[in-house]
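For reference, each letter of the sequence shown is one residue, going 1 to 237 in the working numbering.
Heads up, the beta-carbon is just placed ideally off N, CA and C, and yes, glycines get one too.
Notes for the one structure printed next.
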Amino acid sequence: MDLLKFYKKFKGGYADELAKKFISWNVHSHESARRLSALLESGEYARSNMKGAFSSPITRDVFYHSLALAPPNGLLMEFGVWSGDTINRIADHVGSSRTVHGFDSFEGLPEDWTDGYRKGTFNFHGKLPNVRHNVELHVGWFSDTLPKFMEMSADTISFLHIDCDLYSSTKTIFDNVGDRLIPGSIILFDEYFNYYGWKDHEHRAFEELIQQKSLAFKYTAYNTSEYNVSVQIIGKI
Numbered sequence: 001m002d003l004l005k006f007y008k009k010f011k012g013g014y015a016d017e018l019a020k021k022f023i024s025w026n027v028h029s030h031e032s033a034r035r036l037s038a039l040l041e042s043g044e045y046a047r048s049n050m051k052g053a054f055s056s057p058i059t060r061d062v063f064y065h066s067l068a069l070a071p072p073n074g075l076l077m078e079f080g081v082w083s084g085d086t087i088n089r090i091a092d093h094v095g096s097s098r099t100v101h102g103f104d105s106f107e108g109l110p111e112d113w114t115d116g117y118r119k120g121t122f123n124f125h126g127k128l129p130n131v132r133h134n135v136e137l138h139v140g141w142f143s144d145t146l147p148k149f150m151e152m153s154a155d156t157i158s159f160l161h162i163d164c165d166l167y168s169s170t171k172t173i174f175d176n177v178g179d180r181l182i183p184g185s186i187i188l189f190d191e192y193f194n195y196y197g198w199k200d201h202e203h204r205a206f207e208e209l210i211q212q213k214s215l216a217f218k219y220t221a222y223n224t225s226e227y228n229v230s231v232q233i234i235g236k237i
């Protein structure tokens, strides 16, 4: 479906944001054309699968709406801490009585991701971010730190913030925490769709999890312009 047909059919909301993107990009290269195509495809996906979910073109709106839905008990975990901005926001929201666990190697992406994001992007070169007192950082690759952590904790999942971009990293997360997801658990993906190659990464890992664990879920929030999307686990299929 081309942009004009999409806009005429779904005028308002997602289509308006898409039109703004088209104008701002001034599509004239393969890269910008791929980004536009990804937005069109993501828009169709949202229209078909995310009815009733909260939507906004503002990343923070989606973030806070999703966080507010998280159960009051259970693990609070972020994968991909980077500068510490979002994990500090989680920590502030839940209060000092709860611990937020942050997992990151701080060595950047372990492999290439999408256009312009190569292996090593987001490398902090050994410097850890300043985080709140109720944040505990687990430094290292997920495959090394997460199994040990889960062995030490018997808690179920309240809130997962997955900001690791890659399929391989997201799969490692779900391989280790998938059995701790319960009805009510919230998963907020930071790079779920709206970019070139979105079906190959966090989205793909989640679809595999749902199939393997026979989980029922609903979309709770999505971004009409950027990448973040949240889901809530309902139960077993």
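For residue i, report the span of its beta strand (DSSP E) as first-last.
i: residue 104; result: 100-104
i: residue 137; result: 135-139
Whole angstroms are fine: how far does the CA of residue j sit from the CA of residue i?
i: residue 189; j: residue 133; result: 24 Å
i: residue 155; j: residue 74; result: 6 Å
i: residue 177; j: residue 43; result: 30 Å
i: residue 174; j: residue 206; result: 8 Å
i: residue 31; j: residue 195; result: 11 Å
i: residue 69; j: residue 77; result: 15 Å
i: residue 239; j: residue 146; result: Coverage of the chain is limited to positions 1 through 237, which leaves residue 239 absent and any answer about it impossible.
i: residue 62; j: residue 98; result: 22 Å
i: residue 50; j: residue 221; result: 8 Å
i: residue 234; j: residue 191; result: 22 Å
i: residue 180; j: residue 209; result: 12 Å
i: residue 135; j: residue 94; result: 11 Å
i: residue 72; j: residue 184; result: 10 Å
i: residue 106; j: residue 217; result: 31 Å
i: residue 126; j: residue 148; result: 22 Å
i: residue 228; j: residue 59; result: 7 Å
i: residue 91; j: residue 182; result: 22 Å
i: residue 1; j: residue 38; result: In this predicted model, residue 1 has a pLDDT of only 46, less than 50, meaning its place in the structure is not dependable; the value taken from the coordinates is given anyway. Answer to the nearest angstrom: the Cα atoms are 12 Å apart.
i: residue 128; j: residue 103; result: 12 Å
With residue i as the anchor, note down where its alpha helix (DSSP H) starts and where it stops.
i: residue 223; result: Residue 223 -> not in any alpha helix (DSSP H); beta strand (DSSP E) instead, spanning 215-223.
i: residue 31; result: 30-49
i: residue 63; result: 59-68
Indicate the three-state DSSP secondary structure (helix, strand or coil) for residue i in the structure shown.
i: residue 83; result: coil
i: residue 236; result: strand
i: residue 93; result: helix
i: residue 153; result: coil
i: residue 122; result: coil
i: residue 1; result: Unreliable positioning characterises residue 1 in this predicted model, as indicated by a pLDDT of 46, which lies under 50. The coordinate reading is nonetheless provided below. Reduced to three states, the DSSP call for residue 1 is coil.
i: residue 146; result: helix
Determine, using beta carbons only, whether residue i comes closer than 8 Å to chain D.
i: residue 156; result: Protein chains in the displayed structure number just one, and chain D is not present.
May I ask you to list the residues that DSSP assigns as paired with residue i?
i: residue 226; result: In the DSSP output, where bridge partners are listed per residue, residue 226 has none listed.
i: residue 55; result: 222
i: residue 76; result: 100 and 159
What are the complete alpha helix (DSSP H) segments, minimum 4 residues, inside the stretch 159-215? 167-177 and 202-213
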